[in-house]
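The structure under discussion appears below in the form of structure tokens.
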Amino acid sequence: KLCEGILNILEKDTKTSCQVACLEALRILSRDKKVLVPVTTKRNMQILMRLAKLETVEDPLERVSEFPVIVEALKCLCNIIFNSAVAQKLSLELNLAAMLCKLLEKCKDQQFVDDIKCFDLRLLFLLSLLHTDIRSQLRQELQGVQVLTQALESSLSVRWTEEYKTAEDRDRPPLSLQETDCAIEALKALFNVTLDSWNVHSKNESHQFRYMAAILRHCLLTTGPTEDKTEELH
Numbered sequence: 001k002l003c004e005g006i007l008n009i010l011e012k013d014t015k016t017s018c019q020v021a022c023l024e025a026l027r028i029l030s031r032d033k034k035v036l037v038p039v040t041t042k043r044n045m046q047i048l049m050r051l052a053k054l055e056t057v058e059d060p061l062e063r064v065s066e067f068p069v070i071v072e073a074l075k076c077l078c079n080i081i082f083n084s085a086v087a088q089k090l091s092l093e094l095n096l097a098a099m100l101c102k103l104l105e106k107c108k109d110q111q112f113v114d115d116i117k118c119f120d121l122r123l124l125f126l127l128s129l130l131h132t133d134i135r136s137q138l139r140q141e142l143q144g145v146q147v148l149t150q151a152l153e154s155s156l157s158v159r160w161t162e163e164y165k166t167a168e169d170r171d172r173p174p175l176s177l178q179e180t181d182c183a184i185e186a187l188k189a190l191f192n193v194t195l196d197s198w199n200v201h202s203k204n205e206s207h208q209f210r211y212m213a214a215i216l217r218h219c220l221l222t223t224g225p226t227e228d229k230t231e232e233l234h
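All the letters of the sequence shown, read from the start, carry residue numbers 1 to 234 under my numbering.
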């Protein structure tokens with residue numbers, strides 16, 4: 001009942017501070033699988049997707065004040081999808097993976113979106129881990145390898161000297177914590193999406209995997225903010 005009450009408030013146009021507080025409470029509650037059973041419905045998923053700006057894919061990310069709401073809604077969706085098989089099935093029906101890919105595109109060349117990007121990538125990782133149909137959809141329909149590789153490239157601030165060769169700057173500073181976390185989530189999602197990709201057929205696929213290999217090599221030469229984070233990245 002508490003979760004339903006929170007979602008009823010979130011369905012209305014309330015103040016940003018109220019939305020964030022409600023979403024933080026829902027995120028904590030959504031760690032409990034028993035609590036999730038009555039609230040994992042299509043309507044409730046759509047409420048969270050709207051707050052995460054997943055249903056308004058044409059609108060640019062302009063209002064920085066809304067970014068905390070987007071991040072908290074994505075965190076809630078991560079918990080719900082991880083803990084609920086019903087939510088995993090609804091994700092396919094609601095075309096959640098496609099919307100997440102479009103949100104990633106909107107994060108390009110934007111400031112202050114690292115947290116949005118990180119939890120978008122984490123959600124793509126969870127979907128590709130827990131639902132084989134979504135993994136196939138990402139690979140075959142949504143150009144998931146390309147989208148995720150570009151997200152990884154952006155997180156690592158890769159510069160190119162040749163088509164498949166990245167610039168090596170041994171004096172460059174370590175990645176920030178946010179950049180490292182984004183790169184780690186992109187790598188995890190890429191692993192799932194490319195898991196069955198041992199047989200490459202087309203020239204485009206060959207190019208994409210050579211491009212990704214160059215970025216992965218660059219990743220191995222990159223350090224994170226701490227020794228533990230560098231180890232996790234590698």
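Every residue, glycine too, gets a C-beta built ideally from N, C-alpha and C.
On the three-state DSSP scale, how would you describe residue i?
{"i": "E185", "result": "helix"}
{"i": "D227", "result": "It is worth fixing the name first, because residue 227 is Glu in this sequence and not Asp. It is helical."}
{"i": "T166", "result": "strand"}
{"i": "T161", "result": "strand"}
{"i": "D120", "result": "helix"}
{"i": "T149", "result": "helix"}
{"i": "S17", "result": "helix"}
{"i": "S202", "result": "coil"}
{"i": "L220", "result": "helix"}
{"i": "L61", "result": "coil"}
{"i": "K42", "result": "helix"}
{"i": "Q143", "result": "coil"}
{"i": "E55", "result": "coil"}
{"i": "Q110", "result": "coil"}
{"i": "H234", "result": "coil"}
Am I right that residue i and residue j are in contact with their C-beta atoms under 8 Å? What's the rounded C-beta distance?
{"i": "R27", "j": "N79", "result": "6 Å"}
{"i": "N44", "j": "L129", "result": "Not a contact, Cβ separation roughly 22 Å."}
{"i": "N83", "j": "L36", "result": "6 Å"}
Are the Cβ atoms of residue i and residue j separated by less than 8 Å?
{"i": "H131", "j": "L92", "result": "yes"}
{"i": "A52", "j": "L77", "result": "yes"}
{"i": "V64", "j": "F112", "result": "yes"}
{"i": "V147", "j": "H218", "result": "no"}
With a cut-off of 8 Å, does the C-beta of residue i fall near any C-beta of chain C?
{"i": "A87", "result": "Among the chains of the structure shown, chain C does not appear; only one protein chain is present."}
**Report entry** Cβ contact check for the segment 103-117 and the segment 80-95: 3 or more pairs under 8 Å
**Finding:** no
Requested in this report: Could you tell me whether the segment 14-32 touches the segment 58-78, using the rule of 3 or more Cβ pairs below 8 Å?
Outcome: yes
**Report entry** Inter-stretch contact at 8 Å, needing at least 3 Cβ pairs: the segment 170-187 / the segment 215-230
**Finding:** yes
Query raised in the report: At a cut of 8 Å, does the segment 114-122 reach the segment 161-172 through at least three beta carbon pairs?
Result: no
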